[in-house]
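Trainee:
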Amino acid sequence: MIRFLTVIVTAGALVAGVAPAASAAEPAQLCAKVRPCVVGGDTGWAWVHAAASGVRQGRAVAARLLRNAEAVRRSYGVPEGVSIFVIRKGGCWRAYGSSERVPSRACTIGRAGREL
């Protein structure tokens, strides 16, 4: 009984010890830690739509997306540039969030286009 318990605990420790290393090796993603977020475009230029409830949160979301885009660029060498649109939550997000259309000025909190 003690041997069985020791084997189970050891196997559990091995699995728990290996799992964080595998998850830490994940590649960089453009929408990491930004929800909701939609990415599109091609390898040359990408566009990102993200939602925010106010101007302050919109600036923070845009800054996070720019950092993520630079990390993706370092990892993969693409995209060459990114267009970020921070859209108001609610009806504006439902209208423009998942589409490729450029959001109207009334629905846009912030917009940034940057060549990486």
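If you want my numbering, it's the position in the sequence shown, counting the first as 1, plus 2.
Beta carbons: idealized from backbone N, C-alpha and C, even for Gly.
Note that the structure is predicted; figures quoted are calculated from it, not measured.
1) Ignore the nearest five residues each way along the sequence and tell me which others in residue 43's own chain have a CB closer than 6 Å to its CB.
2) From residue 86 to residue 47, what distance separates their C-alpha atoms?
3) Please state whether the Cβ-Cβ distance between residue 56 and residue 112 is less than 7 Å.
4) Residue 106 lies in the beta strand (DSSP E); which residues open and close that run?
5) Residue 108: buried (16+ other C-beta within 10 angstroms of its C-beta) or exposed?
6) Please work out which residues of its chain come closer than 6 Å, Cβ to Cβ, to residue 106, disregarding the five sequence neighbours upstream and downstream, and give them in chain order.
Mentor: In short:
1) Indexing the sequence shown from 1 puts residue 43 at position 41. Here the set comprises 49.
2) Residue mapping note: residue 86 aligns to position 84 of the sequence shown, counting from 1. Residue mapping note: residue 47 aligns to position 45 of the sequence shown, counting from 1. Rounded to the nearest angstrom, the two C-alpha atoms are 11 Å apart.
3) Along the sequence shown, read from residue 1 onward, the residue named residue 56 stands at position 54. Along the sequence shown, read from residue 1 onward, the residue named residue 112 stands at position 110. Going by C-beta atoms, residue 56 is not nearer than 7 Å to residue 112.
4) The residue labelled residue 106 in the question sits at position 104 within the sequence shown. Element bounds for residue 106: n/a, residue is neither H nor E.
5) For the purposes of this step, residue 108 is identified with residue 106 of the sequence shown, where counting begins at 1. So residue 108 ends up on the exposed side.
6) Taking the first residue of the sequence shown as 1, we reach residue 106 at position 104. Excluding residues within five positions, none has a Cβ falling inside 6 Å.
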